[in-house]
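**Student:** Residue numbers for the sequence shown, in the working numbering: 632 to 1135.
Don't be surprised by glycine CBs; every beta carbon is placed ideally from N, CA and C.
Before anything else, here's the structure in question.
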Amino acid sequence: MDEETPLLNGRSTSSQSKENNLKLFLAVFSAILGNFNAGYSLVYPSPVIQYFTSSDADPRLRMDKNQAAWFSSIYSLGAVLGGLGTIFLNDKIGRKGSIMLSAVPSTIGYMLIGGAVEQWMLHLGRFLTGIASGISASSIPVYISETSCKALRGSLGSCPQMTAVVGALVLYGLGSVLSWRWLAVFGSFPALLMIVLLVFMPQSPRRLLSLGRVQKAEQSLRWLRGNDYNINNELRQIQDSINKQTKVSWTQLGTPQYYRPILITLMMRFMQQLSGITPILIYLEPIFSNSKLPIKPRYEAIIVGAIRLVSVGFAAILMDKAGRKALLYTSSILMFGSTLTLAMVFHGTQCPPSPTPPNTTALEYSLQTGIEHTFQASQPTTAGLVPLISIIVFICGYAMGWGPITWLLMSEVLPLSVRGKASGLCVTVSWLTGFALTQGFTHLMDPNTLYIPFLFFAVVSVFSLLFNAVCIPETRKRSLEEIENFFRTGRTFTITNEDQSVNS
C-alpha cells in the first residue's frame, strides 16, 4: 500500500482548491454537541455521588454502595439500548435524524434528574441519558465521515472524542461550584441547542444518493463544499460506490469485503474498553489525594480532563499528517509502559485487611489503601510520584490514539451498505464491555495486591499493538470509496476505470 500511489486515476485536483469548508465546520459543530452531552453525562456521577451516599442527602434519595454503583453503571445499559436502536434508526430516518432524536431522551433524562424527589427518578434519568449517548455515539461519527472532505476527515473525525472530553471537563468544572440539580439543568441545554442547529444542516450526501434523491444530494454537497467547488467528480465517486452496493445477505457477510471491516471495528471497540480507561478514570481521586501534591481535591479531576483534552487535540493535529497507524502504535506503547509500571509498583504492596468504611465500595477502598501504602513506602518524592506520572502517561496515550481513532475508523472502514447497522452493533459491544468491566473489576484484583488488573491492561495493550500491525489498514488520505475498494479487491486502494465501470 504505497502512500504515493495515485488514489483515483484521472482525478482532477483543481477543484479542491476552491473548497469552502466553513459550512462543513458548522454542520460538524452542530452534530458533535451530542458528543459534548455524552461526555458530560458519562461523568455526571463523579461530583455528585458523594452527596447521594452521605448522611446529608435527602433520605428519599440517599444511596447505599450498591445503589450508587448502579447509578453510575446504568448509564452504560442505556447506551447499549441506544446503540441497538441505531442499527435500525440510521437507515430508517438517516444519520441526521438519529442525532436529532437523541436529544429527546437526553432532555427528559435531565429533567427527571433535576427534579428528582425519589431515587427511581435518578436511575431512570441516568438510563435515558445513556440511551441518548448510545444513539449519538453510533450516528455522529458516520454523519461526519459522510459529509467531510477527504483532506479533513481525519481531523474532523477526532472531534467527537474531543468534544466528549470537553463535556467531561465542563462537568468537572461546574461540579466544583454547582449543586447536583443545577448540573442536571445545565446538561439539558446542549441537546436543545443541537436540535435547533441541526434543523438547518443538510443530510449526508451519501444517504441522499442511496435513496435516489440526486438533486437533494447535489444541494447538500454544494452547501457543504461551497458554490465555487465542482461537485461532479465527488458525486460520481459516491454514486459509483453506491452502484456497487447490493442488499447484503447473510452469505455475503461471510465474504472478506464485509466481515473484515466489521470484525476490525468490533475488535477495536472491544479492546478500547479492555484497555482499562473506564476503571482507571473512576479511581483517579485516591491516586491524586495521596500524591502529596499541593493541589486542592476539587481541581484534581479538572487537571485530568485538561490533560485528556490536550492529548486529543494533539491527535487531531497529527491524524492526517502522521497517519492513524502511527498514532495507534504510539498509543499502545504508552499505555503498555504505564500500566506495566503500575503493575510493578503495586506488586508486593500488601493491603492489610480492615473493615471497609461505610459508603465505600470494596474496590475503591482496596485501591485507595494500596495507593496509600505505596506512597508511604516511597520516601523519596520522585518514587512517590511514579503512580501519578504513570496514570497521566496512560491517559495521554489513550487520548491520542485508541480513544479518537477507534471512533474515526469505525466510520471509515465499514461498507456503506452495512454502515448504519454495523456502527450500532459496534457501539453496543463497546458499552456492554464497559458495563461488564465496570461491574466486574473487583474480580480482576487480588485481595491483597493491586498489580493484577494493571498487568491485565498491559497485556491488552500488547495485543492491541499486534492487532494494529496485522489487521488495521492505513486510511490516511484515502476517500471512503477507495477504502471500500481496498476491502472489495483485497489488494489496493486505487480505483481503476475497470472498477468504475462495474455495475454501471
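In chain order, what residues of the same chain lie with their CB nearer than 6 Å to the CB of T992, ignoring the 5 residues before and after it?
**Tutor:** As a working note, residue 992 is residue 361 in the sequence shown. Bear in mind that the predicted position of T992 carries a pLDDT of just 44, short of 50, making it unreliable; the figure below should be weighed with that in mind. Closer than 6 Å at Cβ, skipping near neighbours: K696.
**Student:** Take every Cβ of the region 813–822, pair it with every Cβ of the region 840–847, and state whether three or more of those distances are shorter than 8 Å.
**Tutor:** Flag = no, the region 813–822 and the region 840–847 do not touch.
**Student:** Quick one: using the 10 Å Cβ neighbour count with 16 as the cut-off for buried, is G746 buried or exposed?
**Tutor:** Taking the first residue of the sequence shown as position 1, residue 746 is located at position 115. Exposed.
**Student:** For N874, is the classification buried or exposed, using 16 other Cβ atoms within 10 angstroms of its Cβ as the cut-off for buried?
**Tutor:** Looking up residue 874 in the sequence shown gives position 243. Burial call: exposed.
**Student:** What's the gap between the Cα of W854 and the Cα of Y675?
**Tutor:** Position 223 of the sequence shown, counting from 1, holds the residue named residue 854. Position 44 of the sequence shown, counting from 1, holds the residue named residue 675. Approximately 37 Å between the Cα atoms of the pair.
**Student:** Would the beta-carbon of W629 fall within 8 Å of that of G714?
**Tutor:** Since the first residue shown for the chain is 632 and the last is 1135, residue 629 is missing from the structure and cannot be characterised.
**Student:** Are the CB atoms of N651 and G907 nearer to each other than 8 Å?
**Tutor:** As a position in the sequence shown, residue 651 is number 20, starting the count at 1. As a position in the sequence shown, residue 907 is number 276, starting the count at 1. For N651 and G907, no; Cβs fall outside 8 Å.
**Student:** Could you check the C-alpha separation between A932 and D871 for me, to the nearest Å?
**Tutor:** Residue 932 sits at position 301 when you count from the first residue of the sequence shown. Residue 871 sits at position 240 when you count from the first residue of the sequence shown. Cα-Cα distance, rounded: 49 Å.
**Student:** Three Cβ pairs or more, each shorter than 8 Å: is that satisfied between the region 961–973 and the region 1085–1095?
**Tutor:** Taking 8 Å as the limit for Cβ pairs, the verdict is that the region 1085–1095 does touch the region 961–973.
**Student:** With 16 as the cutoff for other CB atoms within 10 Å, does I1036 come out buried or exposed?
**Tutor:** Reading the sequence shown from its first residue, position 405 is the one you call residue 1036. Its Cβ being crowded by 16 or more others within 10 Å, I1036 is buried.
**Student:** Using the three-state DSSP reduction, which class does T909 fall into: helix, strand or coil?
**Tutor:** Numbered from 1 along the sequence shown, position 278 holds the residue referred to as residue 909. The answer is helix: DSSP assigns T909 an H, G or I state.
**Student:** Please state whether DSSP places R1137 in a helix, a strand or coil.
**Tutor:** Given a span of 632 to 1135 for the chain in the structure shown, any question on residue 1137 remains unanswerable.
**Student:** Which residue marks the beginning of the alpha helix (DSSP H) containing H589, and which one marks its end?
**Tutor:** Because the chain in this structure spans residues 632 to 1135, residue 589 falls outside the shown range and cannot be described.
**Student:** With contact counted as at least three CB pairs below 8 Å, one residue from each stretch, are the region 962–970 and the region 1046–1058 in contact?
**Tutor:** They do not touch, by the three-pair rule.
**Student:** Helix, strand or coil: how does DSSP classify F1118 here?
**Tutor:** Within the sequence shown, residue 1118 is the residue found at index 487, counting from 1. If DSSP states are grouped into helix, strand and coil, F1118 belongs with the helices.
**Student:** Measuring straight from C-alpha to C-alpha, what distance separates P772 and G785?
**Tutor:** As a first step, residue 772 is located in the sequence shown; it is residue number 141 there, counting from the start. As a first step, residue 785 is located in the sequence shown; it is residue number 154 there, counting from the start. The alpha-carbon atoms of P772 and G785 are separated by roughly 11 Å.
**Student:** Check whether the Cβ atoms of L852 and L842 sit closer than 8 Å, and answer yes or no.
**Tutor:** The count along the sequence shown starts at 1 and reaches residue 852 at position 221. The count along the sequence shown starts at 1 and reaches residue 842 at position 211. Going by C-beta atoms, L852 is not nearer than 8 Å to L842.
**Student:** With a threshold of 16 other CB atoms inside 10 Å of the CB of S807, please say whether the residue is buried or exposed.
**Tutor:** Taking the first residue of the sequence shown as position 1, residue 807 is located at position 176. Flag for S807 reads exposed.
**Student:** Got a sec? Which residues, its chain only, sit under 6 Å from P989 by beta carbon, not counting five neighbours each side?
**Tutor:** Translated into positions along the sequence shown, residue 989 becomes position 358. Low confidence applies here, because P989 scores a pLDDT of 47, under 50, leaving its location unreliable and the question unanswered by this model.
**Student:** My output table needs one value for K723: the three-state DSSP class, helix, strand or coil.
**Tutor:** Residue mapping note: residue 723 aligns to position 92 of the sequence shown, counting from 1. Looking at K723 - three-state DSSP - the assignment turns out to be helix.
**Student:** Is it buried or exposed for S645, if we count other Cβ within 10 angstroms and need 16 for buried?
**Tutor:** Taking the sequence shown and counting its residues from 1, the one referred to as residue 645 is at position 14. Below a pLDDT of 50, predicted positions are generally treated as unreliable, and S645, at 44, falls in that range; no measurement from the model is reported.
**Student:** If you count every other CB in all the chains shown that lies within 10 Å of the CB of T886, and 16 or more means buried, which is it?
**Tutor:** Your numbering for residue 886 matches position 255 in the sequence shown. Flag for T886 reads exposed.
**Student:** Using only the alpha-carbon positions, how far apart do S1021 and Q1070 sit?
**Tutor:** One-based indexing of the sequence shown puts residue 1021 at position 390. One-based indexing of the sequence shown puts residue 1070 at position 439. So the alpha carbons of these two residues sit roughly 24 Å apart.
**Student:** Is the Cβ-Cβ distance between R837 and G725 less than 8 Å?
**Tutor:** Within the sequence shown, the letter at position 206 stands for residue 837. Within the sequence shown, the letter at position 94 stands for residue 725. Not in contact: R837 and G725 (Cβ atoms no closer than 8 Å).
**Student:** Apart from the five residues on each side of it in sequence, which residues of its chain come closer than 8 Å, Cβ to Cβ, to V679?
**Tutor:** Numbered from 1 along the sequence shown, position 48 holds the residue referred to as residue 679. Counting only Cβ-Cβ distances below 8 Å, and skipping sequence neighbours, we find G806, W811, L814.
**Student:** Is it true that the CB of L783 sits closer than 8 Å to the CB of A662?
**Tutor:** By 1-based counting over the sequence shown, the position of residue 662 is 31. By 1-based counting over the sequence shown, the position of residue 783 is 152. Taking 8 Å as the Cβ cut-off, A662 and L783 do not qualify as a contacting pair.
**Student:** Output yes or no for whether 8 Å exceeds the beta carbon distance between T1106 and G1032.
**Tutor:** In the sequence shown, the residue the question calls residue 1106 occupies position 475. In the sequence shown, the residue the question calls residue 1032 occupies position 401. No, these two residues do not count as a Cβ contact at 8 Å.
**Student:** Return the Cβ separation of V796 and R891 in integer angstroms, given the expectation that the two are a contact with Cβ distance under 8 Å.
**Tutor:** Here residue 796 refers to the residue found at position 165 when the sequence shown is read from its first residue. Here residue 891 refers to the residue found at position 260 when the sequence shown is read from its first residue. Not really, about 30 Å apart at Cβ, beyond 8 Å.
**Student:** Where does F977 sit, in a helix, a strand or coil, going by DSSP?
**Tutor:** For the purposes of this step, residue 977 is taken as the residue at position 346 of the sequence shown. Residue state, collapsed to three classes: helix.
**Student:** Cβ atoms of S779 and L655: under 8 Å apart, would you say?
**Tutor:** Here residue 655 refers to the residue found at position 24 of the sequence shown. Here residue 779 refers to the residue found at position 148 of the sequence shown. Closer than 8 Å, so yes.
**Student:** CA-CA distance, L759 and Y774?
**Tutor:** Working through the sequence shown from its first residue, we reach residue 759 at position 128. Working through the sequence shown from its first residue, we reach residue 774 at position 143. About 22 Å.
**Student:** Judging by CA-CA distance, which residue of D722, K723, S764 is the nearest neighbour of T738?
**Tutor:** Within the sequence shown, residue 738 is the residue found at index 107, counting from 1. Among D722, K723, S764, the Cα nearest to that of T738 belongs to S764.
**Student:** For S776, does the count of other Cβ atoms within 10 angstroms reach 16, so buried, or fall short, so exposed?
**Tutor:** Here the question's residue 776 lines up with position 145 in the sequence shown. Buried, since its Cβ has 16 or more Cβ neighbours within 10 Å.
**Student:** Report the residue from L959, A658, S672, S1095 whose alpha carbon sits nearest the alpha carbon of V801.
**Tutor:** Counting from one through the sequence shown, the residue named residue 801 turns up at place 170. Residue S672 is the option with its Cα nearest to V801.
**Student:** Could you work out which residue in N666, D722, S677, I1026 is closest to Q903 when comparing CA atoms only?
**Tutor:** Position 272 of the sequence shown, counted from the first residue, corresponds to residue 903. If we check each option's Cα against that of Q903, I1026 comes out closest.
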